[in-house]
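To start, the structure itself, in structure tokens.
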Amino acid sequence: GKGKGGKGGGAKGKGGGGGKADTEKACTKVKVRHILCEKQSKLLEAETRVKNGEDFATVAKETSEDKARQGGDLGWITRGQMVGAFQDVAFGLSVGSVSAPFKTQFGWHIIKCEGRQ
Numbered sequence: 826g827k828g829k830g831g832k833g834g835g836a837k838g839k840g841g842g843g844g845k846a847d848t849e850k851a852c853t854k855v856k857v858r859h860i861l862c863e864k865q866s867k868l869l870e871a872e873t874r875v876k877n878g879e880d881f882a883t884v885a886k887e888t889s890e891d892k893a894r895q896g897g898d899l900g901w902i903t904r905g906q907m908v909g910a911f912q913d914v915a916f917g918l919s920v921g922s923v924s925a926p927f928k929t930q931f932g933w934h935i936i937k938c939e940g941r942q
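For the sequence shown, the residue numbers in the working numbering are 826 to 942.
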């Protein structure tokens, strides 16, 4: 028998192209900004500003306690890169939408999704 070795070789990585159907599963990277505040009350103020149409990056610069990320820009994150709750929320967002406030061990966050791949 000629070796059955190569069965199912690189099947996994194929679905990258279209991304039309089944966005949830196909999406492996999201481009996100976030605002992080230790106190829920402070985060809710930031969320209100964003909801009222202020630029997310501007609000992040002024209110986010994640000093490493000016304007809250986390860039492209892949699955497995962030803490569970953060990842679940980030990958559940459609492009342009902003999450509801949620808590991780770092504090309270809102995330804005700027892209999906």
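Don't be surprised by glycine CBs; every beta carbon is placed ideally from N, CA and C. On a predicted model such as this, the values are computed, not experimentally measured, just so you know.
Roughly how many whole angstroms lie between the Cα atoms of residue i and residue j?
i      : j      : result
ASN813 : THR929 : Coverage of the chain is limited to positions 826 through 942, which leaves residue 813 absent and any answer about it impossible.
GLN906 : THR853 : 11 Å
THR903 : THR883 : 25 Å
ALA910 : GLU863 : 16 Å
ASP891 : PHE881 : 14 Å
GLU879 : LEU868 : 14 Å
LYS845 : ALA893 : Because the pLDDT of LYS845 is 41, which lies under 50, any placement of that residue in the model is unreliable, and the number read from its coordinates should be weighed accordingly. If you take the alpha carbons of LYS845 and ALA893, they lie about 34 Å apart.
PHE931 : GLU870 : 18 Å
Which residues in the same chain as residue i place their Cβ atom closer than 8 Å to its Cβ, once the five residues preceding and following it in sequence are excluded?
i      : result
GLN865 : PRO926, LYS928 and TRP933
VAL920 : CYS938, GLU939, GLY940 and ARG941
Let me check one thing: in DSSP terms, what residues is residue i bridge-paired to?
i      : result
THR903 : LYS854
LEU861 : HIS934
PHE927 : HIS934
Can you find the residues in the same chain that come closer than 7 Å, C-beta to C-beta, to residue i, ignoring five residues on each side of it along the sequence?
i      : result
GLN895 : LYS886
SER924 : VAL914, LEU918, ILE935 and ILE936
HIS900 : The question names His, yet the displayed sequence has Gly at residue 900. So the list reads LYS856, once near-sequence residues are dropped.
GLU872 : PRO926 and ILE935
Please return the same chain residues whose Cβ sits closer than 6 Å to the Cβ of residue i, not counting the five positions on each side in sequence.
i      : result
ALA915 : VAL855, VAL857 and ILE936
SER889 : ILE860, LEU861 and GLY897
8 Å is my cut-off, CB to CB: does residue i come that close to chain B?
i      : result
ILE860 : Going by chain labels, chain B is absent from the structure shown, which holds only one protein chain.
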